[in-house]
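Engineer:
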Amino acid sequence: MTMKRKSSLGPLVVAMSLSVLLGFGLARALRAGDDLRSNLDLFNNVLYLVQQNYVESPDNEKLIKGAIDGMLKTLDPHSVFLPEKRAQQMDEQFHGEYSGIGVQFDIQDNKIVVISPLEGTPAYRLGIRAGDKIVEIDGKPLKKGINNDDVFKLLRGPTGSTVMVTIERETEPEHMHFTIERAKIPIESIPYAYMIRPGVGYVRVIRFAQTTGDELEAAIAKLRGQGMKSLLIDLRSNSGGLLSQAVDVLDQVIPDNRRLVYTRGRITSSNADYYSTSRPGKWTDGPIVVLVDHGSASASEIVSGAVQDLDRGLVVGINTFGKGLVQNQMNLSQGKLLLTIARYYTPSGRGIQRDYTKFGDQSEYQEDAYREDVPSDSALQARPKFKTSTGRIVYGGGGIYPDVVIKDPPNLTRPEIEFITKRVGFEFATHYVTKHPNTKWTPETFDPRFTLTPDEWKNLRQIVDNKKIVMNDSVWTAEKPFILRQVRAELASATLGSLERYRIAVEDDPQLNAALDLFPRAQQLLATAAGRRSEPGPVDGSPPADPRKASLDGKERKK
1 MTMKRKSSLG PLVVAMSLSV LLGFGLARAL RAGDDLRSNL DLFNNVLYLV
51 QQNYVESPDN EKLIKGAIDG MLKTLDPHSV FLPEKRAQQM DEQFHGEYSG
101 IGVQFDIQDN KIVVISPLEG TPAYRLGIRA GDKIVEIDGK PLKKGINNDD
151 VFKLLRGPTG STVMVTIERE TEPEHMHFTI ERAKIPIESI PYAYMIRPGV
201 GYVRVIRFAQ TTGDELEAAI AKLRGQGMKS LLIDLRSNSG GLLSQAVDVL
251 DQVIPDNRRL VYTRGRITSS NADYYSTSRP GKWTDGPIVV LVDHGSASAS
301 EIVSGAVQDL DRGLVVGINT FGKGLVQNQM NLSQGKLLLT IARYYTPSGR
351 GIQRDYTKFG DQSEYQEDAY REDVPSDSAL QARPKFKTST GRIVYGGGGI
401 YPDVVIKDPP NLTRPEIEFI TKRVGFEFAT HYVTKHPNTK WTPETFDPRF
451 TLTPDEWKNL RQIVDNKKIV MNDSVWTAEK PFILRQVRAE LASATLGSLE
501 RYRIAVEDDP QLNAALDLFP RAQQLLATAA GRRSEPGPVD GSPPADPRKA
551 SLDGKERKK
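Under UniProt numbering, the first residue of the sequence shown is numbered 1, with each subsequent residue one higher.
See the structure below:
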């Protein structure tokens, strides 16, 4: 896809070797004056004295990496160095695939319990089932205290290589042995896309990776074919990803030749303006609702901010995270440097980065985003004000403030949390399917009002007690609706797959249901916007401050 741009910016993922950094960046800084040279001399002197005199022999690698981390912390919370292992994990997430066997799993009693084989993967094709327990890999028993990273190392590997797993299955008297050829397993950005109500399509976007734009295009085409007239995009807990994919998502729902986002930084190559195109297959004629929460950050805020500024739809939920800084990925020999090179701005010129200078450490900065559903009236009015294409007031300086506030549902109770984390519903569903092998449900015949017999309730209570989840009789009675919903979802997962599980799980999501009721307002906004097309911008009509004259602490320099 080609974006219209008014300046040139290469992909945000740019490889830069350490030799280039040292050869050009550091050399140029040294020529600029003696201060940096003096400080580097000081650092070398301190390092030498520590190496020679510390009470114990120091770990030089820890010293250097600690110094790097400390240096980057003086910049902003999002400039970080990732060691090689973490860098590989990040690449995997954003490249949208890994090589393995294709199972979702949990570790219980030192066994790898298959939660679900992913459809179309090697494990799925060989008949591995939910509830199967992997007890050996390549003929070796699992080590005591095995963790997720250990499992990844054992089950993942080069495409085409094989791994042998030994499985314990409830219905089989002896262990089963499978030799599985590893294959490329896609990591979906959009795991769920379906018609949630008549005429209303629902798309759950959990990350912005290399395949997100393509996945959305396929989802929209599918939902259109099923009669979609309105679209809900769920960005809750989506912490972001690639800027290019946020632009691709917007380009599919925003009319052509509208500015979607722009970036500005200290160096010219960091400056870019992204515009929508006249690509075929765009979906621009129906109302959109975008659902966000505190976990919606970065690329999610680019999407929600543009939809709001251009009056393409309603943004609903609670205030987003507030990450308005752009990082470049710079590959180094021992990892990857994520360095802030620019700020991004919504079409109206809003910068949405929260102030991070008042926090002592990263954890305080992270926790601040989750402290309240929405800012107080006084805090909101203190923010910079901007207007959308139709003149609605929106706010900058601290995430995306929704058009309609829909507060988070109440926190789960302690028994509910334990019921989920100890996988009671999953265990019950696995036993149920084993005892009823002839039960053949389809999405059409599965009864969402399915209930349990008295004996089945007793069996379920026994599992709860065995897992040491404390529920007295009154708590058990009060929690029955929650428990039954969880059991239904797990039964749907075991018999029909993860999509049907998700559909049942969100049936009673109060935030989602409230968002679905807002499409008449979204339709009215779309009609209003169709008759007016002014450019969004600051309320006072003055241009946004030149970000190249602003410091990264969020305070504009005096002109």
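By construction, the Cβ of each residue, glycine as well, lies at the ideal position given by its N, Cα and C atoms.
(1) Measure the alpha-carbon distance for residue 106 versus residue 349 and round it to whole angstroms.
(2) Among 483, 515, 449, 446, which residue has its Cα nearest to the Cα of residue 464?
(3) Taking the Cβ atom as the reference point for each residue, do residue 235 and residue 306 lie within a distance shorter than 7 Å?
(4) Are residue 287 and residue 526 closer than 7 Å when you measure CB to CB?
(5) Between the beta-carbon of residue 209 and the beta-carbon of residue 246, is there less than 7 Å?
(6) Residue range of the alpha helix (DSSP H) that residue 219 falls in?
(7) Report the three-state DSSP secondary structure of residue 146 (helix, strand or coil).
(8) Where DSSP assigns a beta bridge to residue 636, which residues make up the other side?
(9) When you compare the CB positions of residue 320 and residue 400, do they come within less than 7 Å of one another, or not?
(10) To the nearest angstrom, how far is it from the Cα of residue 281 to the Cα of residue 181?
(11) Over the uninterrupted beta strand (DSSP E) stretch that includes residue 260, give me the two end residues.
(12) Output the residue ranges of the beta strand (DSSP E) runs that lie fully inside the segment 121-175 and measure 3 residues or longer, sorted by chain position.
(13) Could you tell me the boundaries of the beta strand (DSSP E) in which residue 249 lies?
(14) For residue 494, which of helix, strand or coil comes out of DSSP?
(15) Return the first residue and the last residue of the beta strand (DSSP E) that residue 428 is part of.
(16) Does the separation of the CB atoms of residue 277 and residue 256 fall below 7 Å?
(17) From residue 433 to residue 138, what does the alpha carbon distance come to, in whole angstroms?
(18) Residue 283: which of 469, 531, 229 sits nearest, CA to CA?
(19) Touch check for the segment 262-273 and the segment 503-511: three-plus C-beta pairs under 8 Å?
(20) For the structure I just gave you, are there three or more beta carbon pairs, one from the segment 170-179 and one from the segment 120-140, closer than 8 Å?
(21) To the nearest angstrom, how far is the alpha carbon of residue 329 from that of residue 339?
(22) Return the chain-ordered list of same chain residues with a C-beta closer than 6 Å to the C-beta of residue 74, the five sequence neighbours on each side being excluded.
(23) According to DSSP, what are the bridge partners of residue 394?
(24) Please state whether DSSP places residue 354 in a helix, a strand or coil.
(25) Is it buried or exposed for residue 469, if we count other Cβ within 10 angstroms and need 16 for buried?
(26) What is the residue span of the alpha helix (DSSP H) that residue 507 lies within?
(27) Among the candidates 325, 227, 88, 461, whose CA atom is the shortest distance from the CA of residue 265?
(28) I want to know whether the segment 421-432 touches the segment 341-361 - three or more CB-CB distances under 8 Å.
(29) Can you give the Cα-Cα distance for residue 629 and residue 293, rounded to whole angstroms?
(30) Which of the three DSSP states, helix, strand or coil, is assigned to residue 117?
(31) Apart from the five residues just before and just after residue 84, which ones in its own chain have a Cβ nearer than 7 Å to its Cβ?
(32) Along the chain, where does the beta strand (DSSP E) containing residue 231 start, and where does it finish?
(33) What would DSSP say about residue 342, mapped onto helix, strand or coil?
(34) Going by DSSP in three states, residue 453 sits in which element: helix, strand or coil?
(35) Identify whether residue 91 lies in helix, strand or coil by the three-state DSSP scheme.
(36) For residue 308, which residues does DSSP report across the bridge?
Structural biologist: In short, the structure shows the following:
(1) Their backbone Cα atoms lie some 45 Å apart in a straight line.
(2) Taking each of 483, 515, 449, 446 in turn and checking the Cα distance to residue 464, the smallest one comes out for 483.
(3) No.
(4) Their beta carbons are under 7 Å apart, which means residue 287 touches residue 526 by this criterion.
(5) Contact flag unset, no.
(6) 212-225 is the span of the alpha helix (DSSP H), which, as asked, contains residue 219.
(7) Look at residue 146 here: in three-state DSSP terms it is coil, with no helix or strand label.
(8) Nothing can be reported for residue 636, as the shown portion of the chain is limited to 1 through 559.
(9) Yes, the pair counts as a contact, with Cβ atoms nearer than the cut-off.
(10) Their backbone Cα atoms lie some 38 Å apart in a straight line.
(11) Looking at the DSSP string, the run of the beta strand (DSSP E) that includes residue 260 is 259-264.
(12) Correct list: 133-137, 162-168.
(13) Run containing residue 249: none in the beta strand (DSSP E); it sits in the alpha helix (DSSP H), 243-251.
(14) Three-state result, residue 494: helix.
(15) Not the beta strand (DSSP E): residue 428 falls in the alpha helix (DSSP H), residues 424-435.
(16) The Cβ-Cβ distance between residue 277 and residue 256 falls below 7 Å.
(17) Rounded to whole angstroms, residue 433 to residue 138 spans 29 Å at the Cα level.
(18) When only C-alpha atoms are compared, the closest one is 229.
(19) Flag = no, the segment 262-273 and the segment 503-511 do not touch.
(20) Three or more Cβ pairs drawn from the segment 170-179 and the segment 120-140 lie within less than 8 Å of each other, which places the two stretches in contact.
(21) Cα-Cα distance, rounded: 7 Å.
(22) Excluding residues within five positions, none has a Cβ falling inside 6 Å.
(23) Per DSSP, 386.
(24) When DSSP states are grouped into helix, strand and coil, residue 354 belongs to the coil group.
(25) Buried: at least 16 other Cβ atoms inside 10 Å.
(26) Segment: none, residue 507 is in no alpha helix (DSSP H) and carries neither H nor E.
(27) Checked all of 325, 227, 88, 461; the closest Cα to residue 265 is 325.
(28) Verdict: no, contact absent.
(29) In the structure displayed, the chain extends from 1 to 559; residue 629 sits before or after that span and is not available.
(30) Strand at residue 117.
(31) Cβ within range, chain order: 334, 335.
(32) From DSSP, the beta strand (DSSP E) with residue 231 extends over 230-234.
(33) It is a strand residue.
(34) It is coil, neither helix nor strand.
(35) Helix, per DSSP.
(36) Paired residue(s): none; residue 308 is not in a bridge.
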